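One structure is given below, encoded as C-alpha coordinates.
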Amino acid sequence: MRMRHLFILVILTSLANAAEQDFRGQLSLYGNAWKSNSIWYGGAGLQYIPNLQITNALSDARSIDFEASVYLYIDNNSGEFSDDFKPYRLNLRYATQQSEIQVGLQQINFGPAQLLRSLMWFDRKDPTDPLNFAEGVWGMRYRYYFLNNANIWTWGLLCNDTKGYETMSSDKLMPEFGGRIQIPVPRGEVALTTHHRNIKMSGIRVEDTSNDLNYTDNRIALDGRWDIVVGAWFETAIQKIKGSGIDRYTKMSTLGLDYTFGIGNGLYVLAEHMITQTATELFKSDREYQFSAMMLNYPLGMFDTISLMAFYSWQTEDFIQYINWQRAYDNIAINLALFHFPDTQFSTINTMGCDIGFRVMIIYNH
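When we follow the working numbering, the leftmost residue of the sequence shown carries the number 1296, and every step to the right adds one.
And the structure:
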(Lines of atoms letter the chains of each structure in order from A and count residues from 1; the text may use other names and numbers.)
(Lines give C-alpha, C1' and ligand atoms only; values in the text may rest on other atoms or scores of the structure.)
Protein backbone atom coordinates (compact mmCIF):
# COMPACT_ATOMS: atom_id res chain seq x y z
CA MET A 1 0.00 0.00 0.00
CA ARG A 2 2.91 2.38 0.62
CA MET A 3 3.93 2.02 -3.03
CA ARG A 4 0.48 3.18 -4.12
CA HIS A 5 0.67 6.17 -1.76
CA LEU A 6 4.05 7.10 -3.24
CA PHE A 7 2.63 6.75 -6.74
CA ILE A 8 -0.25 9.11 -5.88
CA LEU A 9 2.25 11.63 -4.45
CA VAL A 10 4.22 11.59 -7.70
CA ILE A 11 1.01 12.16 -9.64
CA LEU A 12 -0.03 15.10 -7.46
CA THR A 13 3.39 16.67 -7.96
CA SER A 14 3.02 16.36 -11.72
CA LEU A 15 -0.28 18.28 -11.59
CA ALA A 16 1.44 21.52 -10.63
CA ASN A 17 2.30 22.35 -14.24
CA ALA A 18 -0.68 20.68 -15.88
CA ALA A 19 -2.00 22.54 -18.92
CA GLU A 20 -5.32 20.93 -19.85
CA GLN A 21 -7.97 19.30 -17.69
CA ASP A 22 -10.96 17.25 -18.79
CA PHE A 23 -13.55 15.97 -16.32
CA ARG A 24 -16.21 13.57 -17.58
CA GLY A 25 -18.48 10.97 -16.10
CA GLN A 26 -20.96 8.24 -16.90
CA LEU A 27 -24.06 7.67 -14.79
CA SER A 28 -26.32 4.72 -15.51
CA LEU A 29 -29.64 3.82 -13.91
CA TYR A 30 -31.17 0.44 -14.59
CA GLY A 31 -34.00 -1.84 -13.66
CA ASN A 32 -34.38 -5.50 -14.54
CA ALA A 33 -36.66 -8.47 -14.09
CA TRP A 34 -36.05 -12.15 -14.70
CA LYS A 35 -37.66 -15.52 -14.20
CA SER A 36 -35.96 -18.45 -12.49
CA ASN A 37 -37.67 -21.74 -11.55
CA SER A 38 -41.02 -20.26 -12.62
CA ILE A 39 -40.64 -17.34 -10.18
CA TRP A 40 -40.14 -13.73 -11.28
CA TYR A 41 -37.55 -11.54 -9.56
CA GLY A 42 -36.65 -7.90 -10.00
CA GLY A 43 -34.10 -5.31 -9.08
CA ALA A 44 -32.66 -1.88 -9.74
CA GLY A 45 -29.42 -0.03 -9.28
CA LEU A 46 -27.02 2.61 -10.46
CA GLN A 47 -23.40 2.89 -11.52
CA TYR A 48 -21.30 6.03 -11.70
CA ILE A 49 -17.80 6.37 -13.15
CA PRO A 50 -16.34 9.91 -12.94
CA ASN A 51 -13.13 10.39 -14.90
CA LEU A 52 -10.49 13.12 -14.66
CA GLN A 53 -7.81 13.48 -17.35
CA ILE A 54 -5.00 16.01 -17.19
CA THR A 55 -2.55 16.57 -20.02
CA ASN A 56 0.71 18.46 -19.87
CA ALA A 57 2.33 18.98 -23.27
CA LEU A 58 6.06 19.16 -22.64
CA SER A 59 6.83 19.83 -26.31
CA ASP A 60 5.38 19.09 -29.76
CA ALA A 61 6.58 15.48 -29.46
CA ARG A 62 6.32 14.76 -25.72
CA SER A 63 3.47 14.85 -23.22
CA ILE A 64 2.45 13.60 -19.76
CA ASP A 65 -1.12 12.43 -19.17
CA PHE A 66 -2.76 11.67 -15.85
CA GLU A 67 -6.02 9.73 -15.51
CA ALA A 68 -8.04 9.16 -12.34
CA SER A 69 -11.40 7.42 -12.20
CA VAL A 70 -13.48 5.62 -9.56
CA TYR A 71 -16.27 3.08 -9.79
CA LEU A 72 -19.42 3.50 -7.68
CA TYR A 73 -22.01 0.76 -7.70
CA ILE A 74 -25.30 0.39 -5.78
CA ASP A 75 -27.65 -2.49 -6.48
CA ASN A 76 -30.73 -4.08 -4.98
CA ASN A 77 -31.80 -7.35 -6.57
CA SER A 78 -34.66 -9.33 -5.03
CA GLY A 79 -34.14 -7.63 -1.69
CA GLU A 80 -30.40 -8.30 -1.59
CA PHE A 81 -28.48 -5.02 -1.34
CA SER A 82 -24.89 -4.69 -2.56
CA ASP A 83 -22.55 -1.79 -3.20
CA ASP A 84 -18.98 -1.12 -4.21
CA PHE A 85 -16.62 1.83 -4.35
CA LYS A 86 -13.12 1.38 -5.70
CA PRO A 87 -10.53 2.87 -8.08
CA TYR A 88 -11.29 2.24 -11.73
CA ARG A 89 -8.32 3.97 -13.39
CA LEU A 90 -5.35 5.68 -11.75
CA ASN A 91 -2.32 6.04 -14.00
CA LEU A 92 0.36 8.32 -15.32
CA ARG A 93 1.45 8.14 -18.98
CA TYR A 94 4.52 9.61 -20.65
CA ALA A 95 4.33 9.63 -24.47
CA THR A 96 6.63 10.54 -27.33
CA GLN A 97 6.04 10.29 -31.07
CA GLN A 98 6.95 6.59 -31.15
CA SER A 99 6.66 5.32 -27.59
CA GLU A 100 4.68 5.51 -24.38
CA ILE A 101 5.05 4.27 -20.83
CA GLN A 102 2.07 4.02 -18.50
CA VAL A 103 2.21 3.31 -14.76
CA GLY A 104 -0.65 2.60 -12.37
CA LEU A 105 -4.15 1.13 -12.56
CA GLN A 106 -4.89 0.76 -16.26
CA GLN A 107 -6.62 -1.35 -18.87
CA ILE A 108 -4.49 -3.84 -20.84
CA ASN A 109 -6.19 -5.88 -23.54
CA PHE A 110 -5.32 -7.11 -27.00
CA GLY A 111 -6.40 -9.55 -29.68
CA PRO A 112 -9.00 -9.25 -32.45
CA ALA A 113 -11.75 -11.51 -31.01
CA GLN A 114 -14.82 -9.73 -29.65
CA LEU A 115 -17.26 -12.31 -28.23
CA LEU A 116 -15.19 -15.45 -27.48
CA ARG A 117 -11.76 -14.16 -26.51
CA SER A 118 -8.93 -16.64 -26.11
CA LEU A 119 -6.72 -13.67 -25.18
CA MET A 120 -8.90 -12.37 -22.36
CA TRP A 121 -5.96 -12.34 -19.95
CA PHE A 122 -6.35 -9.13 -17.96
CA ASP A 123 -10.04 -8.13 -18.03
CA ARG A 124 -13.47 -9.73 -17.88
CA LYS A 125 -15.54 -7.79 -20.37
CA ASP A 126 -19.11 -8.96 -20.75
CA PRO A 127 -20.10 -8.61 -24.44
CA THR A 128 -23.72 -8.03 -23.40
CA ASP A 129 -22.78 -5.07 -21.16
CA PRO A 130 -23.84 -1.80 -22.86
CA LEU A 131 -21.44 0.13 -20.59
CA ASN A 132 -18.44 -1.88 -21.81
CA PHE A 133 -17.11 -2.08 -18.24
CA ALA A 134 -13.51 -3.34 -18.06
CA GLU A 135 -11.53 -3.84 -14.86
CA GLY A 136 -8.01 -2.50 -14.72
CA VAL A 137 -4.76 -3.99 -13.44
CA TRP A 138 -1.95 -2.44 -11.37
CA GLY A 139 1.32 -2.32 -13.23
CA MET A 140 3.56 -0.69 -15.79
CA ARG A 141 3.26 -1.00 -19.57
CA TYR A 142 5.65 0.19 -22.26
CA ARG A 143 4.87 0.36 -25.99
CA TYR A 144 7.10 1.29 -28.90
CA TYR A 145 5.79 1.97 -32.41
CA PHE A 146 8.04 1.40 -35.42
CA LEU A 147 7.68 3.44 -38.61
CA ASN A 148 6.36 0.40 -40.51
CA ASN A 149 3.40 0.11 -38.05
CA ALA A 150 4.97 -2.76 -36.10
CA ASN A 151 4.91 -2.32 -32.33
CA ILE A 152 6.18 -4.03 -29.20
CA TRP A 153 4.68 -4.13 -25.72
CA THR A 154 6.23 -5.04 -22.38
CA TRP A 155 4.53 -5.00 -19.01
CA GLY A 156 4.98 -5.80 -15.35
CA LEU A 157 2.06 -6.30 -12.95
CA LEU A 158 1.91 -6.41 -9.16
CA CYS A 159 -0.70 -6.75 -6.38
CA ASN A 160 -3.62 -7.86 -8.56
CA ASP A 161 -6.49 -10.25 -7.85
CA THR A 162 -7.73 -12.88 -10.30
CA LYS A 163 -8.32 -11.49 -13.77
CA GLY A 164 -9.44 -12.79 -17.15
CA TYR A 165 -9.97 -16.54 -17.06
CA GLU A 166 -7.86 -16.97 -13.90
CA THR A 167 -9.31 -18.97 -11.02
CA MET A 168 -6.21 -18.82 -8.77
CA SER A 169 -4.74 -15.56 -7.51
CA SER A 170 -1.21 -14.45 -8.28
CA ASP A 171 1.44 -14.25 -5.58
CA LYS A 172 1.08 -10.56 -4.75
CA LEU A 173 4.70 -10.32 -3.59
CA MET A 174 6.04 -11.53 -6.95
CA PRO A 175 5.72 -9.41 -10.11
CA GLU A 176 4.04 -10.74 -13.23
CA PHE A 177 5.59 -9.85 -16.54
CA GLY A 178 5.06 -10.37 -20.24
CA GLY A 179 5.29 -8.86 -23.69
CA ARG A 180 3.80 -8.69 -27.14
CA ILE A 181 5.17 -8.02 -30.61
CA GLN A 182 2.78 -7.10 -33.40
CA ILE A 183 3.90 -6.85 -37.02
CA PRO A 184 2.11 -5.91 -40.25
CA VAL A 185 1.62 -8.52 -42.97
CA PRO A 186 -0.10 -8.19 -46.37
CA ARG A 187 -3.73 -7.12 -45.77
CA GLY A 188 -3.41 -7.56 -42.01
CA GLU A 189 -1.24 -8.09 -38.96
CA VAL A 190 -0.05 -10.90 -36.67
CA ALA A 191 1.19 -10.84 -33.09
CA LEU A 192 2.99 -13.04 -30.56
CA THR A 193 2.27 -12.61 -26.83
CA THR A 194 3.72 -14.15 -23.65
CA HIS A 195 3.04 -13.80 -19.93
CA HIS A 196 4.47 -15.28 -16.71
CA ARG A 197 3.19 -15.20 -13.14
CA ASN A 198 3.61 -17.02 -9.83
CA ILE A 199 0.61 -18.49 -8.03
CA LYS A 200 0.60 -19.01 -4.29
CA MET A 201 -2.09 -21.30 -2.90
CA SER A 202 -2.28 -21.18 0.88
CA GLY A 203 -3.94 -23.59 3.24
CA ILE A 204 -3.77 -26.65 0.94
CA ARG A 205 -1.84 -29.73 1.97
CA VAL A 206 -0.20 -32.19 -0.38
CA GLU A 207 1.01 -35.35 1.41
CA ASP A 208 1.19 -33.26 4.61
CA THR A 209 4.44 -31.64 3.50
CA SER A 210 3.47 -27.99 3.15
CA ASN A 211 0.68 -25.52 3.77
CA ASP A 212 1.87 -23.23 0.99
CA LEU A 213 2.08 -24.39 -2.61
CA ASN A 214 3.93 -22.39 -5.23
CA TYR A 215 2.79 -22.71 -8.83
CA THR A 216 3.93 -21.01 -12.01
CA ASP A 217 1.67 -19.91 -14.86
CA ASN A 218 3.27 -19.46 -18.29
CA ARG A 219 1.34 -18.48 -21.42
CA ILE A 220 2.14 -17.98 -25.06
CA ALA A 221 -0.28 -16.89 -27.78
CA LEU A 222 -0.43 -16.13 -31.48
CA ASP A 223 -3.12 -14.03 -33.12
CA GLY A 224 -3.77 -12.37 -36.46
CA ARG A 225 -6.33 -10.40 -38.43
CA TRP A 226 -6.84 -9.80 -42.16
CA ASP A 227 -9.25 -7.64 -44.14
CA ILE A 228 -9.78 -9.20 -47.55
CA VAL A 229 -13.34 -9.62 -48.82
CA VAL A 230 -14.41 -10.24 -45.23
CA GLY A 231 -12.67 -9.58 -41.97
CA ALA A 232 -11.00 -12.75 -40.66
CA TRP A 233 -9.06 -13.36 -37.45
CA PHE A 234 -7.77 -16.00 -35.10
CA GLU A 235 -6.45 -16.26 -31.55
CA THR A 236 -4.69 -19.31 -30.13
CA ALA A 237 -3.17 -19.51 -26.65
CA ILE A 238 -1.43 -22.17 -24.57
CA GLN A 239 -1.24 -21.95 -20.80
CA LYS A 240 0.92 -24.19 -18.61
CA ILE A 241 0.41 -24.26 -14.84
CA LYS A 242 3.18 -26.14 -13.10
CA GLY A 243 3.42 -27.09 -9.43
CA SER A 244 3.60 -30.00 -6.98
CA GLY A 245 4.85 -32.32 -9.72
CA ILE A 246 1.75 -31.71 -11.85
CA ASP A 247 1.59 -29.96 -15.22
CA ARG A 248 -1.75 -28.70 -16.42
CA TYR A 249 -2.24 -27.35 -19.93
CA THR A 250 -5.09 -25.23 -21.22
CA LYS A 251 -5.31 -24.61 -24.97
CA MET A 252 -7.76 -22.07 -26.37
CA SER A 253 -8.37 -21.13 -30.01
CA THR A 254 -10.84 -18.69 -31.56
CA LEU A 255 -11.72 -18.23 -35.24
CA GLY A 256 -13.80 -15.25 -36.37
CA LEU A 257 -15.32 -13.56 -39.42
CA ASP A 258 -17.25 -10.35 -39.94
CA TYR A 259 -18.86 -8.54 -42.87
CA THR A 260 -21.20 -5.62 -43.46
CA PHE A 261 -23.93 -6.43 -45.97
CA GLY A 262 -25.31 -3.62 -48.13
CA ILE A 263 -28.85 -4.15 -46.87
CA GLY A 264 -30.75 -1.00 -45.92
CA ASN A 265 -28.54 1.02 -43.61
CA GLY A 266 -25.93 -1.77 -43.48
CA LEU A 267 -26.26 -5.09 -41.65
CA TYR A 268 -23.13 -5.99 -39.70
CA VAL A 269 -22.64 -9.72 -39.05
CA LEU A 270 -19.94 -11.27 -36.82
CA ALA A 271 -19.40 -14.96 -36.05
CA GLU A 272 -16.82 -16.66 -33.80
CA HIS A 273 -16.06 -20.21 -32.72
CA MET A 274 -13.87 -21.20 -29.76
CA ILE A 275 -12.30 -24.54 -28.82
CA THR A 276 -10.92 -25.04 -25.30
CA GLN A 277 -8.93 -28.12 -24.28
CA THR A 278 -7.42 -29.08 -20.93
CA ALA A 279 -4.89 -31.87 -20.33
CA THR A 280 -1.85 -32.92 -18.30
CA GLU A 281 0.22 -33.22 -21.49
CA LEU A 282 0.68 -30.62 -24.21
CA PHE A 283 -0.35 -32.71 -27.23
CA LYS A 284 -3.26 -34.48 -25.57
CA SER A 285 -6.79 -33.47 -24.68
CA ASP A 286 -8.49 -34.77 -21.52
CA ARG A 287 -11.46 -32.43 -21.83
CA GLU A 288 -12.71 -30.34 -24.72
CA TYR A 289 -15.31 -27.57 -24.85
CA GLN A 290 -16.60 -25.81 -27.95
CA PHE A 291 -18.56 -22.57 -28.12
CA SER A 292 -20.07 -20.63 -31.00
CA ALA A 293 -21.29 -17.03 -31.07
CA MET A 294 -22.91 -14.66 -33.54
CA MET A 295 -23.76 -10.97 -33.45
CA LEU A 296 -26.01 -8.96 -35.80
CA ASN A 297 -26.03 -5.18 -35.67
CA TYR A 298 -28.34 -2.93 -37.69
CA PRO A 299 -28.79 0.87 -37.43
CA LEU A 300 -32.49 1.69 -37.75
CA GLY A 301 -31.75 5.37 -38.27
CA MET A 302 -29.69 8.24 -36.92
CA PHE A 303 -30.60 7.55 -33.29
CA ASP A 304 -31.66 3.89 -33.08
CA THR A 305 -29.61 0.69 -33.27
CA ILE A 306 -30.72 -2.88 -32.75
CA SER A 307 -28.34 -5.78 -32.09
CA LEU A 308 -28.74 -9.51 -31.55
CA MET A 309 -26.25 -11.87 -29.89
CA ALA A 310 -26.42 -15.65 -29.65
CA PHE A 311 -24.03 -17.98 -27.80
CA TYR A 312 -24.09 -21.78 -27.84
CA SER A 313 -22.17 -24.40 -25.82
CA TRP A 314 -21.85 -27.63 -27.80
CA GLN A 315 -21.10 -29.77 -24.74
CA THR A 316 -23.81 -28.58 -22.33
CA GLU A 317 -26.23 -27.46 -25.10
CA ASP A 318 -26.74 -24.16 -23.27
CA PHE A 319 -28.08 -21.42 -25.54
CA ILE A 320 -27.96 -17.68 -24.84
CA GLN A 321 -30.16 -15.28 -26.79
CA TYR A 322 -29.78 -11.55 -26.26
CA ILE A 323 -31.46 -8.73 -28.19
CA ASN A 324 -30.77 -5.08 -27.51
CA TRP A 325 -32.28 -1.82 -28.74
CA GLN A 326 -30.62 1.52 -28.05
CA ARG A 327 -31.62 5.09 -28.79
CA ALA A 328 -28.75 7.55 -28.41
CA TYR A 329 -28.86 11.32 -28.12
CA ASP A 330 -25.97 13.73 -27.48
CA ASN A 331 -25.56 12.88 -23.80
CA ILE A 332 -28.27 10.35 -23.04
CA ALA A 333 -28.81 6.79 -24.27
CA ILE A 334 -31.82 4.57 -23.55
CA ASN A 335 -31.14 0.85 -23.67
CA LEU A 336 -33.69 -1.99 -23.64
CA ALA A 337 -32.53 -5.62 -23.59
CA LEU A 338 -34.46 -8.90 -23.72
CA PHE A 339 -32.60 -12.11 -22.95
CA HIS A 340 -32.83 -15.85 -22.51
CA PHE A 341 -30.02 -17.22 -20.34
CA PRO A 342 -29.15 -20.75 -19.13
CA ASP A 343 -29.19 -21.66 -15.47
CA THR A 344 -25.39 -21.93 -15.28
CA GLN A 345 -22.66 -19.33 -15.74
CA PHE A 346 -21.52 -18.98 -19.35
CA SER A 347 -18.00 -17.56 -19.83
CA THR A 348 -17.91 -13.91 -18.66
CA ILE A 349 -21.59 -13.25 -19.39
CA ASN A 350 -23.51 -12.49 -16.20
CA THR A 351 -26.37 -14.94 -16.66
CA MET A 352 -27.57 -14.43 -13.05
CA GLY A 353 -28.78 -18.04 -13.03
CA CYS A 354 -31.99 -16.99 -14.74
CA ASP A 355 -34.18 -18.12 -17.60
CA ILE A 356 -35.78 -15.17 -19.40
CA GLY A 357 -35.82 -11.50 -18.53
CA PHE A 358 -35.41 -7.90 -19.56
CA ARG A 359 -33.37 -4.86 -18.57
CA VAL A 360 -34.01 -1.14 -19.03
CA MET A 361 -31.05 1.20 -18.69
CA ILE A 362 -30.65 4.97 -18.97
CA ILE A 363 -27.07 6.14 -19.55
CA TYR A 364 -26.05 9.75 -19.03
CA ASN A 365 -22.61 10.96 -20.17
CA HIS A 366 -21.37 14.35 -19.02
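Ideal Cβ positions, reconstructed from N, Cα and C, are used throughout, including at glycine. It should be emphasised that the depicted structure is a prediction, and the values quoted were computed from it without experimental measurement.
In the DSSP secondary-structure assignment, E1576 is not bridged to any residue. Sequence-distant Cβ neighbours of R1357 in its own chain, meaning closer than 6 Å and more than five residues away, are T1391.
Per DSSP, the beta-bridge partners of Y1593 are I1601. When the alpha-carbon of F1586 is set against those of Y1336, L1550, D1418 and G1451, the nearest one is in L1550.
Here D1317 is actually not in contact with Q1342; their C-beta atoms are around 21 Å apart, not less than 8 Å. The residue among P1637, G1451, A1632 and M1496 with its C-alpha nearest the C-alpha of V1655 is A1632.
H1661 places its beta carbon 8 Å or farther from that of G1340.
Contact between A1445 and P1470 does not hold, since the beta-carbon distance rounds to 26 Å and is not under 8 Å. When secondary structure is reduced to three states using DSSP, R1357 falls in the coil class, being assigned neither helix nor strand.
Close CB contacts of A1605 within its chain, under the 6 Å cut and outside five residues either way in sequence, are with M1589 and Q1616 (chain order). For F1636, the secondary structure class from DSSP, reduced to helix, strand or coil, is coil.
Within the same chain, V1432, W1433, G1434, P1470 and E1471 come within 7 Å of L1452 by CB-CB distance, once the 5 residues on both sides are set aside.
Of all C-beta pairs linking the segment 1516–1534 to the segment 1371–1383, fewer than three are shorter than 8 Å, placing the two stretches out of contact. Between S1580 and L1591, the C-beta gap is not smaller than 8 Å, which leaves the two residues out of contact. One Cα belongs to T1571, the other to D1542, and the distance between them is close to 17 Å. When DSSP states are grouped into helix, strand and coil, R1319 belongs to the strand group. In this structure, W1416 is the residue among W1416, P1481 and R1438 with its C-alpha nearest to the C-alpha of S1464. When the alpha-carbon of W1329 is set against those of G1596, C1454, F1634 and I1644, the nearest one is in F1634.
Contact between Y1437 and T1449 is confirmed by a C-beta separation of about 5 Å, below the 8 Å threshold. It is roughly 12 Å from the alpha-carbon of T1511 to the alpha-carbon of G1540. The beta carbons of Y1659 and I1627 sit closer together than 8 Å. For V1432, the enclosing beta strand (DSSP E) stretches over residues V1432 to Y1440. By the Cβ neighbour-count rule, G1337 is exposed, with fewer than 16 other Cβ atoms within 10 Å of its own.
Taking 8 Å as the cut-off, the Cβ atoms of D1418 and A1429 count as close.
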